[in-house]
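In my numbering, the protein residues as written are 4 to 211.
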């Protein structure tokens, strides 16, 4: 039976309101999850420690390993970084599968959900491949298949990031929703796409 505190995918995509709330849940996870929240287990901090932008004064072994660029497999902070990023990937895939399956959503809502979900997936994979290079490219919610997926060449990851951003570009609004800079708009997608091309050395594409 369906648990009292959860709703099924069919129920989520039965109305614009519940589907939009599901997308809001991803933004909530970005704020709460380790990799994106700016805390001491985030890309911001651990990447900064590894690059010597921060001086390590802590005696916590997990931080010391990042500071010494000698991260061992049991490092739980590294696990938090990795798993929280893939948690966001899973949720964006769930949104994309939901809007492409049976649903009662308006075309406007489907367009908005697809654009933002693809932006968020690209955003997450950009950091995953820059941190770990070759990582599993997960594009579905089939957890049994995902569990045995091997790593993908980073060039293919970048191709997917660019594809997601290019497909998101015509789908997101040109203006910020309600004037709040909390959701991606056209110019956020353009700026991020340019950044991706800069990382790849595609100077002309970045300028365009």
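Ideal Cβ positions, reconstructed from N, Cα and C, are used throughout, including at glycine. Treat the numbers as computed from the prediction; the structure is a model and nothing was measured.
Three or more beta-carbon pairs separated by less than 8 angstroms link the stretch 44 to 52 to the stretch 70 to 83, which places the two stretches in contact. A direct Cα-Cα distance of roughly 41 angstroms separates residue 65 from residue 174. With distances taken between CA atoms, residue 115 lies nearest to 179 out of 147, 179, 54 and 39.
Annotation for residue 120: the continuous alpha helix (DSSP H) segment containing it runs 110 to 135.
Secondary structure within the stretch 141 to 170: not one fully enclosed beta strand (DSSP E) run of 3 or more consecutive residues is present.
Looking only at 182, 18 and 193, the smallest Cα-Cα distance to residue 108 is reached by 18.
Counting only the Cα atoms, residue 15 lies some 5 angstroms from residue 22.
Note that the C-beta distance between residue 90 and residue 133 is not below 8 angstroms.
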